[in-house]
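Below is one structure; the comments refer to it alone.
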Amino acid sequence: MTELTASPRLKGWHRLLAFLAVATTVVGSIIGLFVVPPDAMQGNVQRLMYLHVPAAWLAFLAFFIVFVMAVLYLIQRDPRWDMIAAGSAEIGVLFTALTLILGSLWGKPIWGVWWTWDPRLTTTAILLVIYVGYLAVRSFAADPERRARWSAVVGIVGFADVPIVYLSVTWWRSLHQPPSSPMSMAPSMLWTLMLNVVAFTLLFGYLLVRKYQVAVAERALEDREAMR
């Protein structure tokens, strides 16, 4: 369980990942917020797209990993899968909240309100509540095995909301734009958006490794205390 904390080679790769994550996030954010021309219809407020869309992608990715790790844990009962799931859930909650905040900042000048019960907004808020509940389950269960088992069930069931969030603009009448081809975007906007998606994904990878390392240390401490 300590392979990601003890290997000097892996520590070197982790430092490289940290550098790439920070560098691409800073560069991508600067280009999106200050360099790329503003949208002809929405003006400068559209620049929030370069952060809002990657944050939403990261939330989906994080909860997909929770789902996969939860399934693996229930099959193999390997605590590593549980630790990865827990770390990914924490990151997912953070970026789901960021998605909603950025969406509100974007929506106020366009829709005239900070919040509306739009299908995508509502299902995203439900997604946030589900995974906050996932973390609450983990905090209430003291026994590591029971904690892992209960949270795995929540992680699997809760993931059902992810495709609902994505398809909400297709299933129901929504203020959000339905899915469209990337080719409909100006090339400069598309490349900037893709750069930020890559940057946020690298940032997610770095944070997840750090979360796993902390979880390994905490689990080792729990095991030592249990042996006393």
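In numbering that gives the first Met the number 0, the protein residues as written are 0 to 227.
Where a beta carbon is used, it is the ideal one built from N, C-alpha and C, also for glycine.
Let's test the definition: count the other Cβ atoms within 10 Å of the Cβ of residue i and tell me whether it reaches 16, buried, or not, exposed.
i, result
"residue 37", "exposed"
"residue 22", "exposed"
"residue 57", "buried"
"residue 161", "buried"
"residue 164", "buried"
"residue 75", "exposed"
"residue 107", "exposed"
"residue 172", "exposed"
"residue 82", "buried"
"residue 135", "exposed"
"residue 1", "Low local confidence applies: a pLDDT of 49 at residue 1 is under 50, so the model's placement there is unreliable, and no value is given."
"residue 31", "buried"
"residue 188", "buried"
"residue 120", "buried"
"residue 33", "exposed"
"residue 137", "buried"
"residue 183", "exposed"
"residue 116", "exposed"
"residue 141", "exposed"
"residue 59", "buried"
"residue 15", "exposed"
"residue 198", "buried"
"residue 185", "exposed"
"residue 214", "buried"
By the DSSP assignment, the alpha helix (DSSP H) with residue i in it spans what residues?
i, result
"residue 78", "78 to 110"
"residue 121", "118 to 139"
"residue 61", "48 to 75"
"residue 166", "160 to 170"
"residue 150", "143 to 157"
Measuring CA to CA, which of the options is closest to residue i?
i, options, result
"residue 169", "118, 198, 107", "118"
"residue 158", "216, 187, 66", "66"
"residue 112", "25, 31, 174, 218", "174"
"residue 94", "184, 128, 176, 13", "128"
"residue 96", "71, 61, 17, 218", "61"
"residue 196", "80, 20, 16", "20"
"residue 202", "122, 13, 185", "13"
"residue 28", "8, 39, 9, 51", "51"
"residue 9", "212, 226, 145, 78", "212"
"residue 133", "156, 123, 114", "156"
"residue 148", "26, 186, 78", "78"
Would you mind giving the Cβ-Cβ distance between residue i and residue j, rounded to the nearest angstrom? I have them listed as a contact below 8 angstroms.
i, j, result
"residue 210", "residue 91", "The Cβ separation is near 11 angstroms, so there is no contact."
"residue 151", "residue 73", "5 angstroms"
"residue 98", "residue 54", "5 angstroms"
"residue 69", "residue 154", "4 angstroms"
"residue 41", "residue 109", "6 angstroms"
"residue 221", "residue 143", "7 angstroms"
"residue 84", "residue 130", "No, residue 84 and residue 130 are not in contact; Cβ-Cβ is about 11 angstroms, not under 8 angstroms."
"residue 35", "residue 191", "5 angstroms"
"residue 205", "residue 17", "5 angstroms"
Verify the CB distance criterion: does residue i have a CB-CB separation below 9 angstroms to chain D?
i, result
"residue 100", "No chain D appears in this structure, which consists of one protein chain only."
Can you confirm whether the stretch 88 to 104 touches the stretch 38 to 54 when touching is taken to mean that 3 or more C-beta pairs between the two stretches lie within less than 8 angstroms? yes
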